[in-house]
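Okay, structure first, notes after.
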Ligand code: BG6
């Protein structure tokens, strides 16, 4: 008999404001770090001038088309949609004392539309964007004042949406700041490792304060962290490779350790000592960090390998995160290695380490979909990717892991984060949009749309 997922398991998809909404200057919205990176996280900062155009400015126009999109999500059977709030719609510059009512009202309308379809929102407070004003005028998260600004923003949205949103996440892929400091913590490219960890410290304190505020304002809500689940394997069984892998995994598990256990782990204090990194902290920081998350959410796309041999590292590393590839795995068109069993391993690793409920809030395949002569999209590669990952998630549940839900990344085509590409499509729903901005923005169901609908309807038995 085929296994099913537990009752109450949440099924859906995940979006980020800056990759779907567009309407970059509507409703009193301020300029964000994402607006200043029109070519994506790895495309650098570009000075924006009046009248210039970026693909992200309109994106897939979710800001105006969300009712149609939510109806399609509902048709697939979604019970959960992960979205993010653009901080700049609520506090355009970041340091205002009063929020922007037009921005608050737009998210009210979005959450009301979801409620009409019985889709539960899961809201990320900060998904790869922050007010540009906080970068220019304060130096980003390097400045302690950001903690206060973020807390004000978090308390504002918790209070406003207390009856509508019961699932929250603090910072998207909080560990990515080590690779993309501007996107993660609003620091410029020439910052030092010490600068980054100082900014991360402020962000971790702010995350703890947000957890505390959420528990006070919405006692029946749950709030989680969000990690880029960057599971690494040793390239060989040489003890040096195994130890280097332990250390590499700690670079991201560190964030989970602080957010789940409420204090800095010993290995991190040693890393700071060994590298001459001295963090400026205040006594109250410990109290803020002690507010631990209710659950752990993470993205999972791929795994990578680690070797202690510097020559091999030089020779082998390749993709965007500079990981050493695994010779036993196939890759996507973008060089992301496909490893469904790695998801089961990761779920077990996180469960064994923290014993807190888990939520897979991103997983999916970026691919170039080509409509056939009749306009149909036969994305069997996406079906097989998600199918194989869900099978492993189901196995992990059978292993004893408590898994709350699964939201596939980009249930509708959107603008990719790393390079602002349109042809890197993740959706079950095709959007008629090309890189030069042309296209009608019409939505079309792909083959995977009907497949995912069947998975949800059967509680996973059809996998
Ligand atoms: C995650 C991000 O890193 O990966 C998303 O949280 C992003 O915002 C996703 O879109 C996929 O990456 P990309 O670069 O293919 O869009």
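Residue numbers (our numbering): 1087 to 1549. Beta carbons: idealized from backbone N, C-alpha and C, even for Gly.
- In the DSSP annotation of this structure, the continuous segment of the beta strand (DSSP E) that includes residue 1390 starts and ends at 1390-1392.
- Taking the CA atoms as reference points, residue 1197 sits about 35 angstroms from residue 1284.
- Counting only unbroken stretches of 3 or more residues, the beta strand (DSSP E) elements lying wholly within the segment 1437-1463 are 1444-1448, in sequence order.
- Annotation: residue 1134 to residue 1114 spans about 17 angstroms, alpha carbon to alpha carbon.
- For residue 1354, the uninterrupted alpha helix (DSSP H) segment begins and ends at 1352-1360.
- Cβ-Cβ distances below 6 angstroms link residue 1089 to 1480 in the same chain, with the five nearest sequence neighbours on each side left out; the list follows chain order.
- About 5 angstroms separates the CB atoms of residue 1174 and residue 1118; that is less than 8 angstroms, so the two are in contact.
- Assigned with DSSP and collapsed to three states, residue 1422 falls in coil, not helix or strand.
- The Cβ atoms of residue 1255 and residue 1310 lie closer than 7 angstroms to each other.
- Cβ-Cβ separation between residue 1444 and residue 1471: approximately 20 angstroms, too far for a contact (criterion under 8 angstroms).
- Distances between the C-beta of residue 1361 and the heavy atoms of the ligand BG6 are all 6 angstroms or more.
- Straight through space, the alpha carbons of residue 1511 and residue 1497 are spaced by roughly 10 angstroms.
- In this structure, residue 1491 lies near residue 1096, with their beta-carbon atoms less than 7 angstroms apart.
- Annotation note: the segment 1474-1538 contains the following uninterrupted beta strand (DSSP E) runs of length 3 or greater, listed N- to C-terminal: 1489-1495, 1515-1517, 1529-1531.
- Every beta strand (DSSP E) of 3 residues or more that sits fully in the segment 1298-1380 is shown, in chain order, as 1308-1314, 1318-1320.
- 7 angstroms or more divides the Cβ of residue 1478 from the Cβ of residue 1439.
- Three or more pairs of CB atoms, one per stretch, sit closer than 8 angstroms, so the segment 1285-1299 contacts the segment 1229-1242.
- Short of 6 angstroms from the beta carbon of residue 1469, and not among the five residues preceding or following it, lie these beta carbons of its own chain, in chain order: 1534, 1537.
- In the structure shown, the three-state DSSP call for residue 1206 is strand.
- Ranked by Cα distance from residue 1232, the options 1365, 1372, 1343, 1181 are led by 1181.
- Separation of residue 1215 and residue 1369 (C-alpha to C-alpha, rounded to the nearest whole angstrom) is 29 angstroms.
- Set against 6 angstroms, the gap from the CB of residue 1259 to the closest heavy atom of the ligand BG6 is smaller.
- Counting other Cβ atoms within 10 Å of its Cβ, residue 1183 stays below 16 and is therefore classed as exposed.
- No Cβ-Cβ contact shorter than 7 angstroms links residue 1129 with residue 1217.
- Residue 1100 is bridged by DSSP to 1168, 1495.
- Annotated as distal: residue 1152 and residue 1109, with beta-carbon spacing of 7 angstroms or more.
- The beta carbon of residue 1343 sits closer than 7 angstroms to those of 1351, all from its chain and outside the five residues before and after it, given in chain order.
- Residue 1118 has 1217 as its beta-bridge partners, per DSSP.
- Assignment of residue 1254 by DSSP, reduced to helix, strand and coil, places it in the strand class.
- Exclusion of the five residues before and after residue 1221 leaves 1119, 1272 as the residues of its chain whose Cβ lies within less than 7 angstroms of its Cβ.
- Here residue 1384 carries a strand assignment [DSSP, helix/strand/coil].
- Burial is judged here by how many other beta carbons sit within 10 angstroms of a residue's own beta carbon; residue 1300 has at least 16 and is buried.
- About 5 angstroms separates the Cβ atoms of residue 1340 and residue 1354, confirming a contact at the 8 angstroms cut-off.
- In terms of Cα proximity to residue 1433, the closest of 1486, 1400, 1358 is 1486.
- When the beta-carbon positions are compared, residue 1515 and residue 1158 come within less than 7 angstroms of each other.
- The straight-line gap separating the alpha-carbon atoms of residue 1367 and residue 1380 is approximately 25 angstroms.
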